[in-house]
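Novice: Attaching a single structure in structure tokens format; questions to follow.
In my numbering, the protein residues as written are 29 to 185.
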């Protein structure tokens, strides 16, 4: 008499992990439109792009889009390099440089780390530091010109 052991069924596959970049949880019309657009786009994301798409700081979140739009500040700062140095607002450049540097640090301590936010804020800060340098050099040149004019003897007739 042969004894056949009854084998237990194979374990059920583990459920898929929850999406790390979930849809918005609000109840307004904007939220419904956003969730509908994301749901429609989900179907067309290629497998190779799926990790970026599902990342906690990916295109489904504000953590992705805010740095994208903030590059406009960098573009504006770079275009301001062509402006005459006497029109530079030291207080505005100082504020932008300070916030760029502060937010650069912040973007590396938040979870998830947001390297695109770090990059854009670093560029904002550096661009504005260059502008502050231009303003400082302009002020030094103006002081030298005033000093030279005050030391130059007046021509008498």
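We put the beta carbon where it would ideally sit given N, CA and C, even for glycine.
Note that the structure is predicted; figures quoted are calculated from it, not measured.
Taking the CB atoms as reference points, tell me whether residue 146 and residue 136 lie closer together than 8 Å.
Specialist: Result yes, Cβ atoms of residue 146 and residue 136 sit closer than 8 Å.
Novice: Report the start-end ranges of each alpha helix (DSSP H) in the segment 51 to 131 that is 4 residues or longer and not cut off at the edges.
Specialist: Counting only runs of 4 or more, we get 57 to 70, 78 to 82, 90 to 107.
Novice: Buried or exposed: which applies to residue 69, given that a residue is buried once 16 or more other Cβ atoms fall within 10 Å of its Cβ?
Specialist: exposed
Novice: Check residue 33 in the structure and name its three-state DSSP category.
Specialist: coil
Novice: Consult DSSP for residue 142 and reduce its assignment to one of helix, strand or coil.
Specialist: In the three-state reduction of the DSSP assignment, residue 142 falls in the coil class.
Novice: Do residue 163 and residue 113 have their CB atoms nearer than 8 Å?
Specialist: yes
Novice: Assuming residue 154 and residue 121 are in contact, meaning their beta carbons sit under 8 Å apart, how far apart are those beta carbons, in whole angstroms?
Specialist: Actually they do not touch by this definition, with Cβ atoms about 12 Å apart.
Novice: Among residues of its own chain, excluding the 5 on either side of residue 48, which ones have a beta-carbon nearer than 8 Å to its beta-carbon?
Specialist: At residue 48, the pLDDT of 48 sits below 50, so the modelled position is not reliable; the number obtained from the coordinates is stated separately. Counting only Cβ-Cβ distances below 8 Å, and skipping sequence neighbours, we find 82, 83, 84.
Novice: Just the C-alpha distance for residue 175 and residue 116, rounded to the nearest angstrom, thanks.
Specialist: 23 Å
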